[in-house]
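The listed protein sequences correspond, in order, to chains A and B. Residue 118 is where the first sequence starts when you use the numbering used here, and the numbers rise one by one after that. Residue 2 is where the second sequence starts when you use the numbering used here, and the numbers rise one by one after that. The C-beta atom is built at its ideal place from N, Cα and C for all residues, glycine as well. Okay, so here's the structure we're looking at.
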Amino acid sequence: MQRQLKYSTLYLLLILMVVFLFLLDISLGTVSIPLADIISSLTGSSASKNTWEYIIVNYRLPKAITAILVGSGLSISGLLMQTLFRNPLAGPYVLGLSSGSSLGVALVILGAGFLPMMWSDFLVSSFGIIVASCLGSSLVLLSILLISQRLRDTTVILVAGLMFGSFTNAFVSVLTYFSTAEQLQKFTFWSLGNLGNLSWSAILILTIAVLIGLLLSIFSIKNLDTLLLGENYARSLGMNFKRARLLIILATSILAGSITAFAGPIAFVGLAVPHMAKLIFQTSNHAVLFWSTLLLGASMMLLCDVISQVPGGDITLPINAVTSMIGAPMVVWLLLRKKKMMG
Amino acid sequence: MENVVLKTENLSIGYMTSKSENCIASGINITLKKGELTALIGANGVGKSTLLRTLTQIQPPLSGAISLSGKPLQNFKPIELAQELSLVLTEKLPPSNLTVYELIALGRQPYTNWIGKLSATDKNKIDHAIALTQLENLLQKRHYEISDGQLQIALIARALAQDTELIILDEPTTHLDLKHKVSLFRLLKKLAASMQKCVLFSTHDIELALQLSDELIVMNGQKIIQGAARELISNGIFDTIFNDENVSFDAQKGKFIFRNL
Numbered sequence: 118m119q120r121q122l123k124y125s126t127l128y129l130l131l132i133l134m135v136v137f138l139f140l141l142d143i144s145l146g147t148v149s150i151p152l153a154d155i156i157s158s159l160t161g162s163s164a165s166k167n168t169w170e171y172i173i174v175n176y177r178l179p180k181a182i183t184a185i186l187v188g189s190g191l192s193i194s195g196l197l198m199q200t201l202f203r204n205p206l207a208g209p210y211v212l213g214l215s216s217g218s219s220l221g222v223a224l225v226i227l228g229a230g231f232l233p234m235m236w237s238d239f240l241v242s243s244f245g246i247i248v249a250s251c252l253g254s255s256l257v258l259l260s261i262l263l264i265s266q267r268l269r270d271t272t273v274i275l276v277a278g279l280m281f282g283s284f285t286n287a288f289v290s291v292l293t294y295f296s297t298a299e300q301l302q303k304f305t306f307w308s309l310g311n312l313g314n315l316s317w318s319a320i321l322i323l324t325i326a327v328l329i330g331l332l333l334s335i336f337s338i339k340n341l342d343t344l345l346l347g348e349n350y351a352r353s354l355g356m357n358f359k360r361a362r363l364l365i366i367l368a369t370s371i372l373a374g375s376i377t378a379f380a381g382p383i384a385f386v387g388l389a390v391p392h393m394a395k396l397i398f399q400t401s402n403h404a405v406l407f408w409s410t411l412l413l414g415a416s417m418m419l420l421c422d423v424i425s426q427v428p429g430g431d432i433t434l435p436i437n438a439v440t441s442m443i444g445a446p447m448v449v450w451l452l453l454r455k456k457k458m459m460g
Numbered sequence: 002m003e004n005v006v007l008k009t010e011n012l013s014i015g016y017m018t019s020k021s022e023n024c025i026a027s028g029i030n031i032t033l034k035k036g037e038l039t040a041l042i043g044a045n046g047v048g049k050s051t052l053l054r055t056l057t058q059i060q061p062p063l064s065g066a067i068s069l070s071g072k073p074l075q076n077f078k079p080i081e082l083a084q085e086l087s088l089v090l091t092e093k094l095p096p097s098n099l100t101v102y103e104l105i106a107l108g109r110q111p112y113t114n115w116i117g118k119l120s121a122t123d124k125n126k127i128d129h130a131i132a133l134t135q136l137e138n139l140l141q142k143r144h145y146e147i148s149d150g151q152l153q154i155a156l157i158a159r160a161l162a163q164d165t166e167l168i169i170l171d172e173p174t175t176h177l178d179l180k181h182k183v184s185l186f187r188l189l190k191k192l193a194a195s196m197q198k199c200v201l202f203s204t205h206d207i208e209l210a211l212q213l214s215d216e217l218i219v220m221n222g223q224k225i226i227q228g229a230a231r232e233l234i235s236n237g238i239f240d241t242i243f244n245d246e247n248v249s250f251d252a253q254k255g256k257f258i259f260r261n262l
């Protein structure tokens, strides 16, 4: 009972944090807008200036919502992978899923020129990019899974993930070498990561994809708990291992693939956030970890977006640079204090 | 016949590769009964683990039949098997924050709903398993904070919570000191005698197993013999286990004697 109370308090704090960071994220930007006008635009009444309302509704609000979707989705996919691979360092970026997505996206953006007009139009549409990105990430995930079945050593799996990353990056380099300046620019912008630039219809598609991924994750919660005992114990407890694994892979690929398609490859969030959740909640219970990772992921991404706007300055940093600058030292710190509980 | 939990007929075990069959042992006829503690002994590499893996459906038999509670083993769905047979393995647990209570509660997974919520029955079974194994004081500890012996007991409690007729343990006494070995054997004996469980475990502690188990299964090269300790001793089977002239078995004392040390 005491534990329940502790969890409820922590959940409440996290929700407040998400709300606070959400408002902070919307209130920051190159144009300063008074808080009262922000709230009135958000609640549907009109702000004192039309331009302010336009900026908030069509630029800042979509960006903040994207940050929440990206942060929570990537973090959950990291949580699933860490349990599935029994490896505290697993995550969508580290295992090369994002690189796989990059390859898929590079193929459609950079390779579309080689195809007839009708096809290329379809491929470069946001739907085509999502499909290519999801295919790319699930292909990498499947390859890693095949390797992990042959090699039980989890460090080797990480190295394999890095190799896949290098391989796909090399392939992307070859593609960029043969592409036009316009295509190249489009791809480079995508690869820097970007939470803005999403239209409301794109956000709707992303929301649906993330919700499907999260729903599949919820259905995997019981299996994830069982997997904490290892594959053989899980089987002995009646778990259909192949089906459970397929469900987890599907959830991870949809989450990482769709998010990478829209926001670009975003590093470290998927790896670091589940660890923060485990550290704060001190549990391995996936029902608890699911919600805490979801909320922490959203706050983390909102925070990174706030930082990327350099409050007080008038420049904006690429979001991928910010997540790496925060995430990479955090992972090193996690490694240094790595204990048995990291799981 | 009612008391028979597991029975094999002419079972052959081993590994099937794409090219050939690697048979480790064949003609295995063993019977495990309710309320009995059975030890599986034999030298390293003789195929104890392969036999256990076959009996628990982790790997398929090469030929022959295994029946569990009167039904062919291969007809069990994974979830049904999990309600008849629980396992305690030698492998290490992956890193996690699991507490001892959560670890034991995972034994209820075959019975819980899609999200894994524990019902009142589940909680009763868990409490019962905890009481039997006397783990009350360790419940909130993380699984990596307790000793190897305590972890082994906790894994057994998890198997008890799983509420199965048959419990199979793979070398549960490895890494334990003598005191903990004896108390673990006592626990297994108690489960068989007072809980009427059917317990099968593999072990290298032959002398302890001789004193405590109801029956023994001795794996000796291609031969597999099942019987009570006294029968097996008078058969002289223990002299042949290690196939080494420097190791002999003293039938009077029930102990191994090493020469030329």
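Chain-ordered residues of the stretch 400 to 414 of chain A with a beta carbon less than 8 Å from chain B:
Here the close residues are THR400, SER401, ASN402 and ALA404.
Chain A partners of PRO95/B, CB-CB under 7 Å?
Along the second sequence, read from residue 1 onward, the residue named residue 95/B stands at position 94. Within chain A, the residues near PRO95/B are ARG203, LEU345, GLY347 and GLY460.
When DSSP labels each residue in this structure, what does GLN253/B get in the three-state scheme?
Numbered from 1 along the second sequence, position 252 holds the residue referred to as residue 253/B. In the structure shown, GLN253/B sits in coil (DSSP, three-state: anything other than H, G, I, E or B).
Rounded separation between MET459/A and GLN153/B - CA only:
By 1-based counting over the first sequence, the position of residue 459/A is 342. By 1-based counting over the second sequence, the position of residue 153/B is 152. Only weak support exists for where MET459/A lies, its pLDDT of 46 falling under 50; the value from the coordinates is given anyway. Cα to Cα, MET459/A sits roughly 21 Å from GLN153/B.
Contacting residues, own chain, Cβ-Cβ under 8 Å from LYS457/A (five flanking each side not counted)
Here residue 457/A corresponds to residue number 340 of the first sequence, with the count starting at 1. A caution first: LYS457/A carries a pLDDT of 44, below 50, which makes its placement in the model too unreliable to give a value.
At which residues does the beta strand (DSSP E) containing SER21/B begin and terminate?
Locating residue 21/B in the second sequence gives position 20, where the first residue counts as 1. Where SER21/B is concerned, there is no enclosing beta strand (DSSP E), given that its DSSP letter is neither H nor E.
For SER162/A, count neighbouring C-beta atoms within 10 Å of its own C-beta (all shown protein chains included) and say buried if the count is 16 or more, exposed if not.
As a position in the first sequence, residue 162/A is number 45, starting the count at 1. The residue is exposed, with fewer than 16 neighbouring Cβ atoms inside 10 Å.
Cβ-based burial, THR122/B [other Cβ within 10 Å; buried from 16]:
Locating residue 122/B in the second sequence gives position 121, where the first residue counts as 1. Under this definition THR122/B is an exposed residue.
Taking LEU88/B as the query, report the chain A residues whose CB atoms sit under 8 Å from its CB, ordered along the chain.
Looking up residue 88/B in the second sequence gives position 87. Correct list: ASN349, TYR350 and SER353.
Could you please tell me which residues of the stretch 126 to 160 of chain B, in chain order, have their CB closer than 7 Å to any CB of chain A?
For the stretch 126 to 160 of chain B, which is checked against every Cβ of chain A, the residues closer than 7 Å are ARG143 and TYR145.
Other residues of its chain near ILE127/B: CB distance less than 7 Å, five sequence neighbours each side excluded:
Position 126 of the second sequence, counting from 1, holds the residue named residue 127/B. Around ILE127/B: ILE105, ALA106, ARG109 and ALA162.
Quick check on ILE338/A - is its C-beta less than 8 Å from some C-beta in chain B?
Position 221 of the first sequence, counting from 1, holds the residue named residue 338/A. Closer than 8 Å: yes.
Expressed to the nearest angstrom, what Euclidean distance is found between the alpha-carbon atoms of LEU186/A and MET134/A?
Counted from its first residue, the first sequence places residue 186/A at position 69. Counted from its first residue, the first sequence places residue 134/A at position 17. Between the alpha carbons of LEU186/A and MET134/A lies a gap of roughly 16 Å.
I'd like to confirm the pairing. Which residues does DSSP put opposite LEU86/B in its beta bridges?
In the second sequence, the residue the question calls residue 86/B occupies position 85. Residue pairing by DSSP puts LEU86/B in a beta bridge opposite LEU167/B.
Distance cutoff 8 Å, beta carbons only. Does LYS123/A sit that close to anything in chain B?
The count along the first sequence starts at 1 and reaches residue 123/A at position 6. Residue contact with chain B for LYS123/A: absent (no Cβ-Cβ distance below 8 Å to any residue of chain B).
Give the DSSP-derived three-state secondary structure of ARG203/A in the structure shown.
As a first step, residue 203/A must be located in the first sequence, where it is residue number 86. In this structure, ARG203/A counts as coil in the three-state DSSP scheme.
Chain A partners of PRO111/B, CB-CB under 8 Å?
The residue given as residue 111/B occupies position 110 in the second sequence. In chain order: LEU354 and GLY355.
Here's the rule: buried if 16 or more other CB atoms are within 10 angstroms of the residue's CB, otherwise exposed. What is ILE31/B?
One-based indexing of the second sequence puts residue 31/B at position 30. In summary, ILE31/B is buried, with 16 or more beta-carbon neighbours lying within 10 Å of its beta-carbon over all protein chains present.
To the nearest whole angstrom, what separates the beta carbons of ASN244/B and ASN261/B, a pair I think is in contact under 8 Å?
As a position in the second sequence, residue 244/B is number 243, starting the count at 1. As a position in the second sequence, residue 261/B is number 260, starting the count at 1. Between the beta-carbon of ASN244/B and that of ASN261/B there is about 16 Å, and that puts the pair past the 8 Å contact cut.
Quick one: does LYS359/A have its CB under 8 Å from some CB of chain B?
Stepping through the first sequence from its first residue, residue 359/A is reached at position 242. Not one beta carbon of chain B lies nearer than 8 Å to the beta carbon of LYS359/A.
So if DSSP puts THR9/B in a beta bridge, which residue, or which two residues, is it bridged to?
As a working note, residue 9/B is residue 8 in the second sequence. DSSP, once it has assigned bridges, lists ILE67/B as partnering THR9/B.
Given this structure, state the Cα-to-Cα distance separating LEU209/B from LEU140/B, to the nearest angstrom.
In the second sequence, residue 209/B corresponds to position 208, counting from 1. In the second sequence, residue 140/B corresponds to position 139, counting from 1. The straight-line gap from Cα to Cα measures roughly 29 Å.
With burial defined as no fewer than 16 other Cβ atoms inside 10 Å of the residue's Cβ, what is the status of MET356/A: buried or exposed?
In the first sequence, residue 356/A corresponds to position 239, counting from 1. With 16 or more other Cβ atoms within 10 Å, it is buried.
Under a three-way DSSP split, which group does ARG143/B fall into?
Sequence index remark: in the second sequence, residue 143/B carries index 142 (1-based). Three-state result, ARG143/B: strand.
Is there contact here, the stretch 256 to 266 of chain A with the stretch 318 to 330 of chain A, by at least three beta-carbon pairs under 8 Å?
A contact is defined here as three or more CB-CB pairs under 8 Å, and the stretch 256 to 266 of chain A fails this definition with respect to the stretch 318 to 330 of chain A.
List, in chain order, every chain B residue whose beta-carbon is nearer than 8 Å to that of LYS395/A.
What you label residue 395/A is simply residue 278 of the first sequence in a count that begins at 1. Near LYS395/A (Cβ distances below 8 Å), the residues of chain B are ASN98.
Sub-8 Å separation of VAL291/A and SER219/A beta-carbons:
As a position in the first sequence, residue 291/A is number 174, starting the count at 1. As a position in the first sequence, residue 219/A is number 102, starting the count at 1. Contact flag unset, no.
Using 8 Å as the threshold, is the C-beta distance between ILE397/A and SER416/A below it?
The residue labelled residue 397/A in the question sits at position 280 within the first sequence. The residue labelled residue 416/A in the question sits at position 299 within the first sequence. Contact: no.
Along the chain, where does the alpha helix (DSSP H) containing SER318/A start, and where does it finish?
Within the first sequence, the letter at position 201 stands for residue 318/A. Where SER318/A is concerned, the enclosing alpha helix (DSSP H) stretches over 317 to 336.
For ASP342/A, which residues in chain B fall below 7 Å Cβ to Cβ?
One-based indexing of the first sequence puts residue 342/A at position 225. Here the neighbours are LEU107 and GLY117.
Within 8 Å of any Cβ in chain A, is that where the Cβ of THR57/B sits?
Taking the second sequence and counting its residues from 1, the one referred to as residue 57/B is at position 56. In terms of beta-carbon proximity, THR57/B lines the interface with chain A, with at least one pair separated by less than 8 Å.
Can you give the beta carbon distance from LEU201/A to ILE365/A, rounded, assuming they're within the 8 Å contact cut?
The count along the first sequence starts at 1 and reaches residue 201/A at position 84. The count along the first sequence starts at 1 and reaches residue 365/A at position 248. For a cut-off of 8 Å, the C-beta gap from LEU201/A to ILE365/A is around 5 Å, short enough to register as a contact.
Tell me GLY15/B's beta-bridge partners as DSSP assigns them.
Locating residue 15/B in the second sequence gives position 14, where the first residue counts as 1. DSSP output for GLY15/B lists CYS24/B as bridge partner(s).
Spell out the partners DSSP gives PRO73/B in its beta bridges.
In the second sequence, residue 73/B corresponds to position 72, counting from 1. According to DSSP, PRO73/B bridges with SER68/B.
Can you look up GLU37/B in the DSSP assignment and give me helix, strand or coil?
Translated into the one-based positions of the second sequence, residue 37/B becomes position 36. When DSSP states are grouped into helix, strand and coil, GLU37/B belongs to the coil group.
Express the C-alpha separation of LEU130/A and GLN121/A in angstroms, rounding to a whole number.
By one-based count along the first sequence, residue 121/A stands at place 4. By one-based count along the first sequence, residue 130/A stands at place 13. Spanning the two alpha carbons is a distance of roughly 14 Å.
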